[in-house]
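Notes for the one structure printed next.
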Amino acid sequence: MNRKEDLRMLGILERFSATAVRDPERRANGRFPMVRDVHYKVMHSKGRDEIGTGQTVNISSTGVLLTAQSPLPPGRRLEVSISWPAQLDGKCGLKLIARCRVVRCTDTTVALEIDRYEFRTAGREFAPATANLVARL
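Residue 184 is where the sequence shown ends in our numbering, and the numbering goes up by one at each step.
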C-alpha cells in the first residue's frame, strides 16, 4: 500500500470507530424502558416449578430485561407474566404472557429472549385494588 491508501484506510477506520462509540446499540430490535410488575415461573422438567416476582427494566419484541428475586442461570426456561400499561376497550387490564429463555444474568438482573408471547386479560394478580372492589359489588 502507498501512503495515500494508508491514509484512506485510516480515515475509514476512524469513521467506523466513531460510529461504534456513538452507537453501541447493535440489537436489531430497539429496547424501550418500561418498569412493570412481573410474575415468573421457572420451568423444570421434573415438574417442580419455582415462582417469583420482579420488575421489568426494558423490553423489545424479542427480549426482556428484568430484576428477579434471585439469580437465574443462563439456558433456564421461564414463563413470564407482565402487567401491560394499556387496557382492552379502556376497561379491562391486560398482561403479556411470554415463554422465554435466560440468555444472561448478573446478580438478579436477568436478560430473557422471548420465544413466543400472547396478550391476555389481567386477572386479580395485576388488577388495581379498586378494580377488585368493583368486581365484588
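Just so it is clear, CB atoms sit at the ideal spot from N, CA and C, and this is done for glycine as well.
Check	Outcome
Can you name the start and end residues of the beta strand (DSSP E) that Asp162 belongs to?	156-168
Under the rule that 16 or more other beta-carbon atoms within 10 Å means buried, what is Gly140, buried or exposed?	buried
Taking Cβ positions, are Val85 and Pro121 nearer each other than 8 Å?	no
Beta carbon of Ser130, beta carbon of Ala169: below 8 Å?	yes
With distances taken Cα to Cα, identify the nearest neighbour of Gly101 among Thr153, Thr114, His91, Gly110.	Thr114
Taking 7 Å as the limit between beta carbons, can you name the residues of its chain near Asp96, skipping five residues before and five after?	Lys88, Val89, Met90
Suppose the cutoff is 8 Å on Cβ atoms and the five residues either side in sequence are ignored; what does the same chain contact list for Gln116 look like?	Gly99, Thr100, Gly101, Thr155
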